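There are 2 protein chains.
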Amino acid sequence: MRNDSRLSRMLHVLLHMANHDGPMTSETIARMLGTNAVVVRRTMAGLRDAGYVRSEKGHGGGWVIAADLEMVSLLDVHRAVGGPRIFAIGSEHSNPDCAVEKAVNAAVEDALQHAEALLIARLGAVSLAELAQGFKVHCGQAD
Amino acid sequence: MRNDSRLSRMLHVLLHMANHDGPMTSETIARMLGTNAVVVRRTMAGLRDAGYVRSEKGHGGGWVIAADLEMVSLLDVHRAVGGPRIFAIGSEHSNPDCAVEKAVNAAVEDALQHAEALLIARLGAVSLAELAQGFKVHCGQAD
DNA sequence: AATCATGTAACATCATATGTATCGTGACAA
DNA sequence: TTGTCACGATACATATGATGTTACATGATT
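For the record, the sequence lines run as chains H and S. The first sequence lines up with residues 1 to 143 when you count with my numbering. The second sequence lines up with residues 1001 to 1143 when you count with my numbering.
This is how it looks when you write it as structure tokens:
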């Protein structure tokens, strides 16, 4: 499968929204990401449910930031978009009674869990505000 | 997609082969893994090309270990089965000129690379021989 | 009332590991 | 020599999950 890019996409969007006055429509965001407005709504729904953004209908509507960027980490965004699946590799459990298989799976999963813990720690240590520091440049909104 | 379980499956097989006299057929291995002989041949082909196992045709043929288990790490097996794809998450590059996107992707990929480095280090630090220590028990070969 | 924008459902597309069927090839044995 | 065994390889089917797309409903603004 293609890589799950929801985290990086939403970070991209959130930082643009932070530098943008007024609501941004799903259409505008979709052009920015090179995708479709429905995909944007679908993915942003997780951020909305988590309270990080708010959506407004009708004329002049769209998406606006609804949280303090200092208080939202990259990990928070990752979880809000519903991306619990980090690794593409894992174990199979065909014979739960097989000592060999249990030892192998324990070794592999131990390594995976440590790597996941490190990733979680690093994503959790960076806030959107920190990520936003260092540039104030907008990019073009066309694809 | 389902998790890629080629690494854990091959480790499972290799440790059984280490405790087994004579060649093991793909059919036998397939029953052990709860899968198909063709899947076994396909996956074992990587190990064969890397020199970790050897295959023999004809009566009494099958798969045998062809390397010192002390010299083969879990990382070696991972690479031999052609599993370079570790993460299910990643970045999208729609606007290579967008400073925001570049900053976001850099942050995400930095975290991923550190997690990958840790995983690689841990897999590389364990040999098949070490993994084989601690049990000499066979599991049943039926699914 | 018309328009804009989100919300949602339904279906298509794509990528990749896995499952399955089939045939070819080489090795061993009767 | 011939039959059987086991691998080698190809082709195709299946399952899963993110993504792309179309269509329609709902609510807000003008």
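We treat Cβ as the ideally placed atom computed from N, Cα and C, and that holds for glycine. Everything numeric in this text was worked out from a predicted model, so none of it was measured.
Between the CA atoms of residue j and residue i - distance to the nearest angstrom
i, j, result
"L123/H", "G60/H", "34 Å"
"V1104/S", "T1028/S", "49 Å"
"G83/H", "Y52/H", "16 Å"
"M1010/S", "N1036/S", "14 Å"
"K57/H", "S1008/S", "50 Å"
"A117/H", "V38/H", "33 Å"
"K1089/S", "K1102/S", "It is Ile, not Lys, that sits at residue 1089/S in the sequence shown. Each residue's Cα considered, the two are about 16 Å apart."
"D97/H", "G1062/S", "25 Å"
"N1095/S", "L33/H", "8 Å"
"V1100/S", "A1050/S", "42 Å"
"R1054/S", "H1078/S", "17 Å"
"L15/H", "D21/H", "12 Å"
"D1076/S", "P23/H", "51 Å"
"Q141/H", "E1130/S", "Unreliable placement is indicated for Q141/H, whose pLDDT of 37 sits below 50; the coordinate value is still reported in the next sentence. Rounded to the nearest angstrom, the two C-alpha atoms are 55 Å apart."
Contact under 8 Å by Cβ, residue i with residue j
i, j, result
"V126/H", "L74/H", "yes"
"T25/H", "V81/H", "no"
"A115/H", "L1119/S", "yes"
Residues of its chain near residue i, where Cβ-Cβ distance is below 7 Å and the 5 sequence neighbours each way are ignored
i, result
"S91/H", "N105, V108 and E109"
"R1006/S", "T1043, V1081 and G1083"
"A1067/S", "G1051 and Y1052"
Contacts around residue i, its chain only, beta-carbon distance under 6 Å, and the 5 residues preceding and following it disregarded
i, result
"D4/H", "G83"
"V1040/S", "S1026, I1029 and A1030"
"R1048/S", "S1055"
Exposure label - residue i; buried when at least 16 CB within 10 Å
i, result
"M1071/S", "exposed"
"R1085/S", "exposed"
"H93/H", "exposed"
"R2/H", "exposed"
"G46/H", "buried"
Own chain, CB closer than 8 Å to residue i, minus 5 neighbours either side, in chain order
i, result
"A18/H", "I65, L69, L128 and A132"
"L1112/S", "F1087, I1089 and G1090"
Output the residue ranges of the beta strand (DSSP E) runs that lie fully inside the region 1054-1125 of chain S and measure 3 residues or longer, sorted by chain position.
-> 1062-1065
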